[in-house]
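Chains as they are written, first to last, in UniProt numbering: chain A, 1 to 405; chain B, 1 to 405. This report refers to the structure that appears directly beneath it.
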């Protein structure tokens, strides 16, 4: 009898959690498990804002997939998925293809620019380790270049962050700590530097408790961040951004660095493969399978689950992605063993903490609001927990955050 | 009676040595001494290739002028010299002017591009701390960007060094050590990287012993450096360089980074001030004064002294500049004290060592040829000696090189 073959696309939080749980729950003879990922490493998406700002070494943000995956139980293919041929049960890769009986799509997010002109070409986005390193080096290069020019271009020292959501605010927190270091290293006057946060919505961190939002805004403002709330970005050029000003007018803000942190969407491979989705997100069945595709599970940023309490989708977080990975592994094990009943997924949100740099944060954990060092400590525990859940205690020792006050 | 006023332009090897010697030899009541420098710091010009390659932290390459200059004896003006009005005995600065009775011009070198098209606009030069930091960051940015692009541009990983003289070779030595680190940090295949040295002359390091030159070339080639000797650069574009190929043809070499290390000249302020010079260098009298200007001493890169033995100018080195500073301080002291006889300057070349990175070098010291670790050790001793001569033992402790094998 042929063993069923499970193919997992993506080694982010959801895909890698599914993989490590499957290698525990399934015997070698029960199924073939294949993990496909573009890179040989997993990276902590929730730490990318630190690598982007330059406050954490990029190498601290990743670990080798081989360090958590059991070679005897899982085949790893380093390649990039291009298209899922659902009828043929085959995934086309850049350098080949792989067939499946069960497929797990955990391909993560892409930047969504909502058709705003020039953003794709001229703005950076904190999407992966490559882009994070590029952002860090781009900013450093601007500071390094400033003093080499006879005629000083102050816009080299201007950084626009588009979006005051989670990523935007966490990145601003790191940047606020990094800028004084850069000023010192490159002999730049701190007062020449401008860090601006431009957000179309009427508030920072929509959905967060207003008291915590106020704390975050005044903390960042004290460190020099300017907030332009209720201001829509209309376009991006090599020189900066164009924003709406009043009803019909626009204004140019010059900035050598523009980071777009205002929108993500699921993987475009999903639509390209004919699976029904909204902005790359599939509204999955309770067992995490795609409607009309009993052999395909969708996890993480590509997965849409409605929070019935507020009738809005759950945010695509690492915490939920890992929980989905656990349930997905259980359901796959059940299917392989021909068990009838699959588990329905319910998120268990333990807390949400938004960091404001190394030593400050705001958040809610175990039902309590917190700010400052306590929240910052909680954030680091959450970061370490993600390492622990996938890589066990040794990964926490290797990559964990212990700079705890 | 009015005290005579000595103004020293430039806090490089020559100017700073003059200053620290004058503050020892002259009493407070004998003269006013004023040091003018663009930056508040002195940097080790002979270490800039390390900061440029990224193998030495830029901060290690400089120290505050205030840490070696006695405020009670020397006034320091942080400003940039624009023109010397010799008839009025005044130096025009960007933000003011300063009059003198005696002037020491130690303004250092500028990059000389010999009119080659595009070099000034598109090539970097290892001229000062600002440009060194910019080169380091430019190269890092190219590596960081490589993996972010769908279509890989291998020219991002190509670095052209124009010139196989001292600076070019020392920079290549550092680069050869740095490239494998960059490859690791940015997940770049080492074999995609090209480091090329393009030199119009028929040999590397003209004037050096051929045996030592062979050692250097094969050492660098082993580390992946390609030499294109006898190849003239005809132009530089945003995409790379144009080189002569045969009699009438040209060839394009694509490279995102072009470092021009093939020519320096003295300060252009000298010609702008009507002092007779060739490429910014003044053929000084034996006492280091400019012909027809009894009140002006010229030191360092702006000073031209012929080596009678070979009828060619001495190379503008830190070693000679510091020796000039010592003689200049003696001669100024003599002039202030109305002594008749000034000392004639004779360089005392103790050795010349060209480093090939952290742990290798070639050179001649105390009349002996040396290569490898011995030469590398000697180079570090020379570097430490420069710190010692100006800043004393405490400066050696603070900034010295002790990574000795």
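By construction, the Cβ of each residue, glycine as well, lies at the ideal position given by its N, Cα and C atoms.
Straight-line CA distance for residue i to residue j?
i: residue 179 of chain B; j: residue 40 of chain A; result: 21 Å
i: residue 182 of chain B; j: residue 157 of chain B; result: 10 Å
i: residue 202 of chain A; j: residue 141 of chain B; result: 36 Å
i: residue 50 of chain B; j: residue 350 of chain A; result: 50 Å
i: residue 176 of chain A; j: residue 197 of chain A; result: 12 Å
i: residue 315 of chain A; j: residue 57 of chain A; result: 27 Å
i: residue 278 of chain B; j: residue 144 of chain A; result: 32 Å
i: residue 475 of chain A; j: residue 240 of chain B; result: As displayed, chain A neither begins before 1 nor continues past 405, which places residue 475 of chain A out of reach and without an answer.
i: residue 150 of chain A; j: residue 387 of chain B; result: 30 Å
i: residue 62 of chain B; j: residue 5 of chain B; result: 28 Å
i: residue 359 of chain A; j: residue 230 of chain A; result: 29 Å
i: residue 396 of chain A; j: residue 24 of chain A; result: 20 Å
i: residue 297 of chain B; j: residue 102 of chain B; result: 8 Å
i: residue 64 of chain A; j: residue 270 of chain B; result: 59 Å
i: residue 393 of chain B; j: residue 21 of chain B; result: 16 Å
i: residue 148 of chain B; j: residue 110 of chain A; result: 13 Å
i: residue 204 of chain B; j: residue 190 of chain B; result: 25 Å
i: residue 399 of chain A; j: residue 209 of chain B; result: 51 Å
i: residue 133 of chain B; j: residue 60 of chain B; result: 12 Å
i: residue 411 of chain A; j: residue 337 of chain A; result: Because chain A is modelled from 1 through 405, residue 411 of chain A falls outside the range shown and cannot be assessed.
i: residue 281 of chain A; j: residue 340 of chain A; result: 27 Å
i: residue 112 of chain A; j: residue 10 of chain A; result: 19 Å
i: residue 257 of chain B; j: residue 242 of chain B; result: 13 Å
i: residue 186 of chain A; j: residue 294 of chain B; result: 40 Å
Please report the Cβ distance between residue i and residue j, rounded to the nearest whole angstrom; I am assuming they are in contact, meaning their Cβ atoms lie under 8 Å.
i: residue 43 of chain B; j: residue 128 of chain B; result: 7 Å
i: residue 167 of chain A; j: residue 261 of chain A; result: 4 Å
i: residue 118 of chain A; j: residue 235 of chain A; result: 5 Å
i: residue 342 of chain B; j: residue 334 of chain B; result: 6 Å
i: residue 299 of chain A; j: residue 106 of chain A; result: 4 Å
i: residue 263 of chain A; j: residue 114 of chain A; result: 6 Å
i: residue 284 of chain A; j: residue 303 of chain A; result: 5 Å
i: residue 73 of chain A; j: residue 33 of chain A; result: 6 Å
i: residue 100 of chain B; j: residue 318 of chain B; result: The Cβ separation is near 25 Å, so there is no contact.
Looking only at its own chain, which residues have a Cβ that is under 8 Å from the Cβ of residue i, when we skip the five neighbours before and after it?
i: residue 238 of chain B; result: 122
i: residue 401 of chain A; result: 380, 383, 384
i: residue 221 of chain A; result: 227
i: residue 378 of chain B; result: 351, 353, 361, 363, 365, 370
i: residue 188 of chain B; result: 143, 146, 147, 157, 182
i: residue 312 of chain A; result: 306
i: residue 116 of chain A; result: 233, 234, 235, 236
i: residue 372 of chain A; result: 360, 361
i: residue 348 of chain B; result: 323
Whose C-beta lies closer than 6 Å to the C-beta of residue i among residues of the same chain, with five residues either side of it excluded?
i: residue 391 of chain B; result: 68
i: residue 407 of chain B; result: Since the first residue of chain B shown is 1 and the last is 405, residue 407 of chain B is not available in this structure.
i: residue 8 of chain B; result: 15, 18, 19, 35, 104
i: residue 415 of chain B; result: For residue 415 of chain B there is no data in the structure shown, the boundaries of chain B being 1 and 405.
i: residue 92 of chain A; result: 82, 83
i: residue 301 of chain A; result: 108, 109, 266, 316
i: residue 173 of chain A; result: 355, 356, 357
i: residue 47 of chain A; result: 61
i: residue 223 of chain A; result: 176
Just list the residues that DSSP pairs residue i with in beta bridges.
i: residue 228 of chain A; result: A/198
i: residue 260 of chain B; result: B/162
i: residue 99 of chain A; result: A/90
i: residue 33 of chain B; result: B/6, B/74
i: residue 183 of chain B; result: BP columns for residue 183 of chain B are empty, so no partner.
i: residue 415 of chain A; result: Limits of chain A in this structure are 1 at one end and 405 at the other, which puts residue 415 of chain A out of reach.
For residue i, which residues of its own chain have a beta-carbon under 7 Å away from its beta-carbon, when the five flanking residues on both sides are left out?
i: residue 171 of chain A; result: 49, 52, 53, 126, 161, 259, 261
i: residue 244 of chain A; result: 231, 232, 234, 250
i: residue 218 of chain B; result: none
i: residue 131 of chain B; result: 124, 125
i: residue 152 of chain B; result: 146
i: residue 254 of chain A; result: 155, 158, 239, 240
At a CB-CB cut-off below 9 Å, which residues of chain D make contact with residue i?
i: residue 311 of chain B; result: Looking at the structure shown, chain D is missing, and the protein chains on hand are A and B.
Open item on the list: For the stretch 95 to 108 of chain B against the stretch 70 to 81 of chain B, do three or more pairs of beta-carbon atoms, one drawn from each stretch, fall closer than 8 Å, so that the two count as touching?
Closed with: yes
Open item on the list: Tell me whether the stretch 243 to 259 of chain A and the stretch 273 to 293 of chain A touch, counting them as touching only if at least three CB pairs, one residue from each stretch, are closer than 8 Å.
Closed with: In short, these stretches do not touch, since the Cβ pair count stays below three.
Open item on the list: Across the stretch 350 to 367 of chain A and the stretch 27 to 39 of chain A, are there enough close Cβ pairs to call them in contact, namely three or more that are closer than 8 Å?
Closed with: no
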